[in-house]
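Student: I'd like to ask you about the structure that follows.
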Amino acid sequence: MSKRILIAGFAALSLFGAVGLANAKTTPSSFLKAVDKDSDGTVTLDEVKAYASERFKALETDKDGTLDFKELKGRLSKTGFKSANTDADKTLDEPEFLGYVEKLFKEANDGDDTLDAKELAKPAGKKLITLLH
Ligand SMILES: [Ca+2]
Ligand SMILES: [Ca+2]
Ligand SMILES: [Ca+2]
Ligand SMILES: [Ca+2]
Numbered sequence: 007m008s009k010r011i012l013i014a015g016f017a018a019l020s021l022f023g024a025v026g027l028a029n030a031k032t033t034p035s036s037f038l039k040a041v042d043k044d045s046d047g048t049v050t051l052d053e054v055k056a057y058a059s060e061r062f063k064a065l066e067t068d069k070d071g072t073l074d075f076k077e078l079k080g081r082l083s084k085t086g087f088k089s090a091n092t093d094a095d096k097t098l099d100e101p102e103f104l105g106y107v108e109k110l111f112k113e114a115n116d117g118d119d120t121l122d123a124k125e126l127a128k129p130a131g132k133k134l135i136t137l138l139h
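Heads up, the final residue of the sequence shown is numbered 139 in the working numbering, and it's a clean run with no missing numbers.
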């Protein structure tokens, strides 16, 4: 009896672990799937910003209109937060959040208007995926 409960517990735990891992490791292709609304295989800045705006609202759990470092739950490093927080208060408002998303987009982009899977695999692309997953 107790053995069965133990096994069930382990099964639930490993399932939970797998889900957590999948979330933490969003790949360029799964990011593209979520963000690329017109399904042309690349994302434009408009597509990324529309998605980022949804994420801002979803992450903003205490509904005070801004994201603080805690609400980001590790999606942004201390340095990233500082660089995004252009008015140097303690929080990111939506324009600051979207401004930082735009900065990462431009950093990852090779000079056309879109990001493909290869560009999303670059350091700035990875940062963008981590921030918006
Ligand atoms: Ca697209
Ligand atoms: Ca908040
Ligand atoms: Ca701010
Ligand atoms: Ca590009």
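Using N, Cα and C, we set each Cβ at its ideal position, and we do this for glycine too.
One question on the structure: do residue 137 and residue 82 come within less than 7 Å of each other, judged by their Cβ atoms?
Tutor: Taking the first residue of the sequence shown as 1, we reach residue 137 at position 131. Taking the first residue of the sequence shown as 1, we reach residue 82 at position 76. Yes; because the gap between Cβ atoms is below 7 Å, this pair is in contact.
Student: Count the other CB atoms within 10 Å of the CB of residue 42; is the residue buried (16 or more) or exposed (fewer)?
Tutor: By 1-based counting over the sequence shown, the position of residue 42 is 36. Label assigned to residue 42: buried.
Student: What residue range does the alpha helix (DSSP H) around residue 40 cover?
Tutor: One-based indexing of the sequence shown puts residue 40 at position 34. Element bounds for residue 40: 34–41.
Student: Could you compute how far the alpha carbon of residue 85 sits from the alpha carbon of residue 68?
Tutor: Along the sequence shown, one-based indexing puts residue 85 at 79. Along the sequence shown, one-based indexing puts residue 68 at 62. The alpha-carbon atoms of residue 85 and residue 68 are separated by roughly 23 Å.
Student: DSSP three-state call for residue 51: helix, strand or coil?
Tutor: For the purposes of this step, residue 51 is taken as residue 45 along the sequence shown, with counting starting at 1. Residue 51 falls in the helix class under three-state DSSP.
Student: Ends of the alpha helix (DSSP H) at residue 78?
Tutor: For the purposes of this step, residue 78 is identified with residue 72 of the sequence shown, where counting begins at 1. First-last for residue 78: undefined, no H or E at that position.
Student: Measuring straight from C-alpha to C-alpha, what distance separates residue 125 and residue 38?
Tutor: For the purposes of this step, residue 125 is taken as the residue at position 119 of the sequence shown. For the purposes of this step, residue 38 is taken as the residue at position 32 of the sequence shown. Residue 125 and residue 38: Cα-Cα distance of roughly 11 Å.
Student: Which partner residues of residue 121 appear in the DSSP bridge assignment?
Tutor: In the sequence shown, residue 121 corresponds to position 115, counting from 1. Answer is 49.
Student: Ordered along the chain, which non-local residues of its own chain (more than five positions away) have a Cβ less than 7 Å from that of residue 97?
Tutor: Within the sequence shown, the letter at position 91 stands for residue 97. Here the set comprises 72, 73, 74.
Student: Could you tell me if residue 88 is buried or exposed, where buried requires 16 or more neighbouring beta carbons within 10 angstroms of its beta carbon?
Tutor: If you number the sequence shown from 1, residue 88 lands on position 82. Label assigned to residue 88: exposed.
Student: Would residue 110 and residue 132 qualify as a contact pair, given that the criterion is a beta-carbon distance under 7 Å?
Tutor: Stepping through the sequence shown from its first residue, residue 110 is reached at position 104. Stepping through the sequence shown from its first residue, residue 132 is reached at position 126. For residue 110 and residue 132, no; Cβs fall outside 7 Å.
Student: Using the Cβ count rule (16 or more neighbours within 10 Å means buried), how would you classify residue 129?
Tutor: Reading the sequence shown from its first residue, position 123 is the one you call residue 129. Residue 129 should be labelled exposed.
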